[in-house]
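In the UniProt record's numbering, the protein residues as written are 1 to 271. Yeah, the Cβ is synthetic: ideal placement off N, Cα and C, and Gly gets one too. In this text the structure is predicted, and so the values were computed from the model without any measurement. Remarks on the structure that follows.
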């Protein structure tokens, strides 16, 4: 079964890895200059590095349908820099998963494929997709929603290690981002972690740098540019998170459940 995932950030990659391990053929799209901060566990990195390995799965940048077919034949994930997702028209996926995590729908329609899954807030099951998967941390994380929408975006990051907003590294001015630390580095509160233009950015909490933009990305003041995990577990920087895994399981359930519903409906029609 062919699955097109819109987005190749860390959450989308968690979905992609879950589906790839279950035998789905995958194409993932992202913008030309990705703004993923958890780059070590994101296939979006392939856009500017040509290749990205996440755990035991490799994603490769593809520039043509022929290269996509080659990547899939080689048991890899095909990554395409395609902001408008034009590849959908030529590759013709069975399933479209919108995992851009934009907190709003940027153009996904329920008619885009036989099965369309919306990940997170901004989608309404039955209107612009068949099913929505919850992304908010807590009891319902990863749950399939067949009527209505996911929990609205609160603008407040999930609580980890007793911290929420403080975990986020944000640009302090408009400019070009440059990191002073690397993903996997341990920092203390007040440490210099990077620059937005000439303006320094300091850690608001101690822990391990779990995410950081690649150098050279244009940022605006307040833009998320990284995050610090106060739990300080360096190994977690290089493996898919509990949140991404849970959402991936939800998407897998959504796809298989939708296929089951369609088979049942077709059987009823024949009777």
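Nearest neighbour of residue i, chosen from the options [CA to CA]
{"i": "residue 167", "options": "174, 159 and 173", "result": "159"}
{"i": "residue 35", "options": "108, 212, 96 and 68", "result": "212"}
{"i": "residue 174", "options": "41, 219, 232 and 263", "result": "219"}
{"i": "residue 58", "options": "74, 65 and 66", "result": "74"}
{"i": "residue 234", "options": "26, 69 and 40", "result": "40"}
{"i": "residue 105", "options": "119, 161 and 257", "result": "119"}
{"i": "residue 17", "options": "242, 51 and 56", "result": "56"}
{"i": "residue 177", "options": "200, 157 and 155", "result": "200"}
{"i": "residue 83", "options": "33, 165, 257 and 179", "result": "33"}
{"i": "residue 38", "options": "109, 270, 236 and 162", "result": "236"}
{"i": "residue 88", "options": "170, 103 and 107", "result": "107"}
{"i": "residue 49", "options": "67, 169, 214 and 163", "result": "214"}
{"i": "residue 20", "options": "76, 265 and 138", "result": "76"}
{"i": "residue 198", "options": "165, 216 and 24", "result": "216"}
{"i": "residue 94", "options": "261, 24, 182 and 263", "result": "24"}
Opposing strand residues paired with residue i [DSSP bridges]
{"i": "residue 159", "result": "According to DSSP, residue 159 bridges with nothing at all."}
{"i": "residue 60", "result": "51 and 78"}
{"i": "residue 223", "result": "Paired residue(s): none; residue 223 is not in a bridge."}
{"i": "residue 179", "result": "194"}
{"i": "residue 210", "result": "Answer is none; residue 210 lacks a bridge partner."}
{"i": "residue 2", "result": "25"}
{"i": "residue 98", "result": "6 and 118"}
{"i": "residue 186", "result": "208"}
{"i": "residue 200", "result": "195"}
{"i": "residue 218", "result": "176"}
{"i": "residue 125", "result": "129 and 148"}
{"i": "residue 87", "result": "Residue 87 pairs with nothing; no bridge assigned."}
{"i": "residue 18", "result": "According to DSSP, residue 18 bridges with nothing at all."}
Cut-off 7 Å between Cβ atoms - residues of its own chain near residue i, not counting five sequence neighbours on either side
{"i": "residue 85", "result": "6 and 29"}
{"i": "residue 253", "result": "144"}
{"i": "residue 99", "result": "5, 6, 7, 11, 12, 15 and 119"}
{"i": "residue 44", "result": "8, 9, 30, 34 and 36"}
{"i": "residue 22", "result": "252"}
heavy atom of the ligand ATP below 8 Å from residue i C-beta
{"i": "residue 146", "result": "Among the components of this structure there are no ligands whatsoever, and the ligand ATP is therefore not found."}
Other residues of its chain near residue i: CB distance less than 6 Å, five sequence neighbours each side excluded
{"i": "residue 90", "result": "65"}
{"i": "residue 96", "result": "4, 112, 113 and 116"}
{"i": "residue 161", "result": "230 and 231"}
{"i": "residue 269", "result": "none"}
{"i": "residue 180", "result": "192, 193 and 194"}
8 Å Cβ shell around residue i - same chain, five flanking residues per side excluded
{"i": "residue 101", "result": "7, 9, 11, 12, 119, 120 and 135"}
{"i": "residue 127", "result": "110"}
{"i": "residue 133", "result": "117, 118, 119, 120, 142, 143, 144, 145, 150, 247, 250, 251 and 254"}
{"i": "residue 239", "result": "41 and 55"}
{"i": "residue 182", "result": "209 and 212"}
{"i": "residue 156", "result": "164 and 165"}
Whole-number beta carbon distance between residue j and residue i, since they are thought to touch under 8 Å
{"i": "residue 62", "j": "residue 71", "result": "6 Å"}
{"i": "residue 258", "j": "residue 131", "result": "6 Å"}
{"i": "residue 184", "j": "residue 203", "result": "Not confirmed; about 14 Å, so no contact."}
{"i": "residue 26", "j": "residue 78", "result": "7 Å"}
{"i": "residue 186", "j": "residue 208", "result": "5 Å"}
{"i": "residue 103", "j": "residue 171", "result": "Going by Cβ atoms, the distance from residue 103 to residue 171 rounds to 19 Å, so no, they are not a contact pair."}
{"i": "residue 137", "j": "residue 243", "result": "6 Å"}
### the segment 132-142 / the segment 237-255 touching (three or more Cβ pairs under 8 Å)
Two segments are said to touch when three or more pairs of C-beta atoms, one from each, lie closer than 8 Å; by this definition the segment 132-142 touches the segment 237-255.
### Query
Would you say the segment 226-234 touches the segment 182-199, given that touching needs at least three Cβ pairs under 8 Å?
yes
### Query
Is the segment 146-164 in contact with the segment 121-128, if contact means three or more CB pairs nearer than 8 Å?
yes
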